[in-house]
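Novice:
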Amino acid sequence: MIRNDVFQTLKPIIREQLVVCNIGAPSQELHAMDDQPSNFYMLGTMGLASSIGLGLAAAQDKPVVAIDGDGSVLTNLGTLATIGNNPQGNFTLLIIDNGSYGSTGDQPTYAGMKTDLAAVAKACGAENVQTVSAEDTAAAVQAAIASDEMTIIVSKCESGNVKVPVIKTNPIVIRERFMEEVRR
Amino acid sequence: MATEMDHQIVKDLKAAGIDYITSVPCKQLAGVIEVLDETPEIMHMPSNKEDEGMGLCAVAFMGGMKPAIVMQNTALGVVVNTLATLIQFYQIPLPMLISYRGEVGEPVACQVEMALHTKAILNQLHIPTYHFHKPEDAAELPGILEYAQMASKPVAILCDASFWRASA
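As given, the protein sequences belong to chains H and S, one line each in that order. Numbering-wise, the first sequence is residues 1 to 184 according to our numbering. Numbering-wise, the second sequence is residues 185 to 352 according to our numbering.
#1: For D148/H, does the count of other Cβ atoms within 10 angstroms reach 16, so buried, or fall short, so exposed?
#2: Would you mind working out which of A123/H, G89/H and P26/H sits nearest L77/H, comparing C-alpha positions?
#3: Look at the alpha carbon of L220/S and the alpha carbon of D35/H, and state the distance between them as a whole number of angstroms.
#4: Can you tell me where the alpha helix (DSSP H) with L30/H in it begins and where it stops?
#5: On a CA-only basis, which of D203/S, M298/S, E225/S and C210/S is nearest G248/S? Give me that one, please.
#6: I'd like the span of the beta strand (DSSP E) that includes P279/S, first residue to last.
#7: Would you identify the three-state DSSP class for A352/S, choosing helix, strand or coil?
#8: Are the C-beta of V120/H and some C-beta of chain S separated by less than 8 angstroms?
#9: Could you tell me how far apart the beta carbons of T131/H and A118/H are, in whole angstroms, since I believe they sit closer than 8 angstroms?
#10: A322/S and Y274/S: beta carbons closer than 8 angstroms?
#11: What span of residues does the alpha helix (DSSP H) with F91/H cover, start to end?
#12: What separation, rounded to the nearest whole angstrom, lies between the Cα atoms of P171/H and C294/S?
#13: Is there at least one non-hydrogen atom of the ligand FAD closer than 7 angstroms to the beta-carbon of A214/S?
#14: Is the CB of T82/H under 8 angstroms away from at least one CB in chain S?
#15: Just curious, the alpha helix (DSSP H) that G289/S is in, first and last residue?
#16: For A114/H, count neighbouring Cβ atoms within 10 angstroms of its own Cβ and tell me buried if that reaches 16, exposed if not.
#17: Give the residues of chain H in contact with C294/S, contact being defined as C-beta atoms less than 8 angstroms apart.
#18: What residues in the region 92-111 of chain H have a beta carbon less than 9 angstroms from any beta carbon of chain S?
#19: Report the rounded CA-to-CA distance for R349/S versus T187/S, giving the unit in angstroms.
#20: For D68/H, which beta-bridge partners are listed by DSSP?
#21: List the whole-angstrom C-beta distance separating K62/H from M33/H, where the pair is believed to meet the contact cut-off of C-beta under 8 angstroms.
#22: Using the beta-carbon of each residue, which ones in chain S are nearer than 7 angstroms to T75/H?
#23: Between L329/S and L197/S, what straight-line distance do the alpha-carbon atoms span, to the nearest angstrom?
#24: Taking only beta carbons into account, state which residues of the region 200-214 of chain S come closer than 9 angstroms to chain H, listed in chain order.
#25: For N22/H and Q142/H, I'd like the C-alpha separation in whole angstroms.
#26: Pull up the DSSP beta-bridge partners for H315/S, would you.
#27: Does the structure place the region 213-231 of chain S close enough to the region 263-272 of chain S that three or more beta carbon pairs sit under 8 angstroms?
#28: Mapping DSSP to helix, strand and coil, what is N257/S?
#29: At a Cβ threshold of 8 angstroms, is V166/H touching chain S?
#30: Considering Cα atoms alone, identify which of T169/H, Q28/H and S38/H is closest to E222/H.
#31: Counting along the chain, where does the beta strand (DSSP E) carrying L18/H start and finish?
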């Protein structure tokens with residue numbers, strides 16, 4: 001299963017949730033599959049989906065799911081220490097770990113080699129960290145949303161993207177409709 | 185997938201004695217990175233972030249190697265401090281092969297935002313900047329690489345979408 005297959009299984013689970021989605025192919029695939037006003041698409045700024053997700057979880061009470069990638073987490077590895085030390089019960093961080101930079105030509109990341117992001121997250125102080133297969137990801141995310149404990153899920157899937165259009169939605173529109181969902 | 189131009193660029197890097205390259209990928213640089221991985225004369229050590237990459241390059245130079253970095257222009261927003269306080273302060277020669285996203289031919293609107301600041305940042309930092317827009321512009325690469333060594337400075341080589349498209 002590649003990222004897009006994981007997204008298909010996640011669709012019914014996250015469509016009603018506040019979702020912060022990583023730059024590039026992940027946002028484009030999610031947008032093409034099931035655009036929701038409750039999705040905050042990162043159109044730029046690699047590496048901040050997890051930070052934005054944590055901040056949003058701290059700022060309000062609704063569940064927040066941040067969908068990040070292994071390459072992006074490696075770009076901003078300090079985020080795991082911030083998350084580990086500031087646990088928010090309503091926060092779920094899903095790291096789609098396909099071992100590659102999917103948006104730039106599937107070059108390998110160190111997470112696809114020797115670096116274990118789940119072990120890093122644990123070492124950073126996160127208490128509830130799970131490594132799951134692509135197939136088990138949806139169930140793990142569903143359980144994490146339902147629980148009162150902050151959960152980091154590292155989903156091991158295959159490298160690869162599907163061809164989808166870029167997101168043409170105006171960024172202010174994305175922000176406004178997302179804020180309305182947060183207020184709702 | 186790598187084009188003749190990707191091979192030519194790596195050939196020029198090799199001919200200039202560049203033997204250490206770090207990279208953070210970009211779609212436009214995928215071919216160059218692919219060729220680098222097939223070039224045993226150049227040690228290719230990918231970095232997770234461009235300022236980390238510049239740290240690697242600085243010490244590769246001190247260890248006697250000739251480094252270069254391959255990165256996207258958006259990362260210029262990440263590396264300003266590292267350029268000023270490490271690369272420039274210690275006078276490390278550092279060719280920066282930069283994909284110039286956000287120019288004509290760009291599909292992603294967000295990339296335009298940093299394209300607007302790219303040359304301004306480089307100007308502000310007094311970094312010699314070369315812009316490859318047409319395939320024939322790449323003929324300047326050997327001279328630019330030599331210039332970086334002579335001047336002991338970082339130099340920026342911006343390669344835009346028109347350049348990559350016409351070189352394909």
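Heads up, the beta-carbon is just placed ideally off N, CA and C, and yes, glycines get one too. Small disclaimer: the values here were computed from a predicted structure and weren't measured.
Specialist: Concretely, from the data shown:
#1: exposed
#2: A123/H
#3: 38 angstroms
#4: A25 to D34
#5: D203/S
#6: L278 to Y284
#7: coil
#8: no
#9: 5 angstroms
#10: no
#11: F91/H -> not in any alpha helix (DSSP H); beta strand (DSSP E) instead, spanning F91 to D97.
#12: 9 angstroms
#13: In the structure shown, the ligand FAD is absent, as is every other ligand, since no ligand is present at all.
#14: no
#15: Careful: G289/S lies outside any alpha helix (DSSP H) and carries neither H nor E.
#16: Checking the sequence shown, residue 114/H turns out to be Lys, not Ala. Its Cβ having fewer than 16 others within 10 Å, K114/H is exposed.
#17: L43, G44 and P171
#18: Y101, S103, T104, G105, D106, Q107, P108, T109 and Y110
#19: 10 angstroms
#20: I95/H
#21: Their Cβ separation, rounded to whole angstroms, is 22 angstroms, which puts K62/H and M33/H out of contact at 8 angstroms.
#22: N232 and K233
#23: 8 angstroms
#24: S207, V208, P209, C210, K211, Q212, L213 and A214
#25: 19 angstroms
#26: L342/S
#27: no
#28: helix
#29: yes
#30: One cannot answer for residue 222/H here, as it falls past the ends of chain H, which runs 1 to 184.
#31: L18 to C21
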